[in-house]
Structures are given as structure tokens and as C-alpha cells.
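Peer 1: Input: one structure, supplied below.
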Amino acid sequence: MTEPVASEPRPETPAPALEEKLPEAAELAAQIAARLCHDFISPASAIVSGLDLLEDPTAQDMREDAMDLIGQSARKLADQLQFCRVAFGASAAAETFDPRELEGLARGIYAHVRPELDWKVEVAALNKAAARILLNLCQIAAGALPIGGTAVARVIEADGRAAISLEATGPRARLKPEVLRGLRGEPRGDAVGGAWVQAYYLHLIVKAAGGQLAAETGEDKVTLAAWAPV
Numbered sequence: 098m099t100e101p102v103a104s105e106p107r108p109e110t111p112a113p114a115l116e117e118k119l120p121e122a123a124e125l126a127a128q129i130a131a132r133l134c135h136d137f138i139s140p141a142s143a144i145v146s147g148l149d150l151l152e153d154p155t156a157q158d159m160r161e162d163a164m165d166l167i168g169q170s171a172r173k174l175a176d177q178l179q180f181c182r183v184a185f186g187a188s189a190a191a192e193t194f195d196p197r198e199l200e201g202l203a204r205g206i207y208a209h210v211r212p213e214l215d216w217k218v219e220v221a222a223l224n225k226a227a228a229r230i231l232l233n234l235c236q237i238a239a240g241a242l243p244i245g246g247t248a249v250a251r252v253i254e255a256d257g258r259a260a261i262s263l264e265a266t267g268p269r270a271r272l273k274p275e276v277l278r279g280l281r282g283e284p285r286g287d288a289v290g291g292a293w294v295q296a297y298y299l300h301l302i303v304k305a306a307g308g309q310l311a312a313e314t315g316e317d318k319v320t321l322a323a324w325a326p327v
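Start counting at 1 in the sequence shown, then tack on 97, and there's your number in my numbering.
Okay, here's the thing in C-alpha cells:
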């Protein structure tokens, strides 16, 4: 019987990083899941804190504050869930969306941030890709106004395509470098992935729809624009 030949010892190599092991689609899904968990954990934790106050016999004088905290946080969480269901694509049953429904979803997000939303979308309906593009642009525009301002949402249909724009105006309006990288379809680099992944996801949606995406920054103003076939 032939003895097995022992192989020569090989130097140990470091395990590949998670981003190297996972396919691009899986890594993108992981980044989106992390982003959503980050958004949901704050209101969910606030609800738990409010319930703890209600159950604390030494904090009965704070019962009204606890109920307010629970109510506000529950509304915020519900608004975020409804928004993400469409913006991140889980609402797959609908192929077209009423702009009034999309306005309600966008206003639900703006109800919990400093900027205001000026909705000037006058088309009759938007297909799934255009609806996702519009909602994601709305949220990115809100993030571009850290201390408040106004984001104007517009959609115009012409020549078989929808031109979608968000004009965010306010003090210190800006896009983070990782957001700009995501909008251009570039890797996030060393930045935290939450802001990057939404911009990158938006880039993929626009690209898959056969459209184009652009961003322009100026003094106290950010303009985001995209077009997609209708």
C-alpha cells in the first residue's frame, strides 16, 4: 500500500476580507440591510425606552412624556417602513405608482427631519423604476440639508422619458464624499457604508432602467437629477 505523500508546509495567508469573499450582489444586500437596521433602531429603541418608563413605578410622573415618546417613535418607524418598502424595492406587486401615494411616503420621511419638502410632481403615474428613483432622490436631498432648508421635487415627462430632479437649498447644503462616490457608481472606500449604499443603489436603479444620473453642488445648494424611460 502506498503511503500518502506529505505536502510541504505552506505559509499561512490571511483570510480574505468579507467584501472579497461575498459576491457583489450579496455585499450590496448586506450593506442595504445594515443601512435599514441603522434607520430603524433609533425609533425602535425609543419605543422600548418609553415602555420601560411606563413600567417603572418610580417614574409615574413621566407617564405622559413616555406616551409621547412612544407615539412619536412609532409614527417615525411606521413612516420609515412604508417608505423603504417602495424605495428599496420590496413592493414588487405594483408596476406603476400614483404620485400622490409617493408624495405621502416622501412626506412621511420629511416629517422627521429638519428640511421641508416642496412637491411639484404633476405627472399622472410613474413606473416602478421612476418611483424608486424619485423616492431615493428625496431622501438623499433631505440628507444634503443638515440644518434645514427646502427640497423641491419635480418630475416632467417628455419624449418617452421622465426627468426627475431634486433641488435642495439651505445653509451648508452639501453631499458627503461617499454619497458622490455612490452616485457615480464608485466603491465606498473607507467611508461608513450607510450614506454610500443608498446612492450606489440609486446609481444601479438608474443604470438598469437605461437612464442617467447627475449631481451638482453649489453655495448652499445641491441639485440631483435623473431621467428614466417611462
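The C-beta atom is built at its ideal place from N, Cα and C for all residues, glycine as well.
Whole angstroms is fine: what's the gap from alanine 131's alpha carbon to valine 210's?
Peer 2: Answer to the nearest angstrom: the Cα atoms are 20 Å apart.
Peer 1: Where does lysine 118 land, buried or exposed, given buried means 16+ other C-beta within 10 angstroms?
Peer 2: Confidence at lysine 118 is low in this model, with a pLDDT of 45, below 50, so the placement of that residue is unreliable and no value is reported for it.
Peer 1: Short of 6 Å in beta carbon distance, which residues of its chain neighbour glycine 147, apart from the five on each side in sequence? Order them along the chain.
Peer 2: For glycine 147, where only same-chain residues beyond five positions count, the Cβ hits under 6 Å are Ala163, Leu166 and Ile167.
Peer 1: Please determine, among Val249, Arg271, Leu277 and Cys181, the residue with the shortest C-alpha to C-alpha distance to asparagine 233.
Peer 2: For the residues Val249, Arg271, Leu277 and Cys181, the minimum Cα distance to asparagine 233 belongs to Cys181.
Peer 1: Please state the DSSP three-state secondary structure of arginine 182.
Peer 2: Helix.
Peer 1: Among residues of its own chain, excluding the 5 on either side of alanine 311, which ones have a beta-carbon nearer than 6 Å to its beta-carbon?
Peer 2: Only Ala322 meet the Cβ criterion.
Peer 1: Is the segment 277 to 296 touching the segment 259 to 266 in the sense that three or more CB pairs, one from each, lie closer than 8 Å?
Peer 2: Segments in contact, no.
Peer 1: Can you have a look at isoleucine 244 and say buried or exposed, based on whether 16 or more other CB atoms are within 10 angstroms of its CB?
Peer 2: By the 10 Å Cβ count, isoleucine 244 comes out exposed.
Peer 1: At the level of alpha carbons, what is the spacing between alanine 306 and tyrosine 297?
Peer 2: Cα-Cα distance, rounded: 14 Å.
Peer 1: Going by DSSP, what residue range makes up the beta strand (DSSP E) through lysine 318?
Peer 2: Taken as a continuous stretch (DSSP letters only), the beta strand (DSSP E) holding lysine 318 covers 318 to 326.
Peer 1: Using DSSP's beta-bridge definition, name the partner residues of serine 262.
Peer 2: DSSP lists Arg251 and Ala322 as partners of serine 262.
Peer 1: Suppose you measure from the CA of glycine 308 to the CA of arginine 258; what does that come to, to the nearest Å?
Peer 2: Going by the C-alpha atoms only, they are around 9 Å apart.
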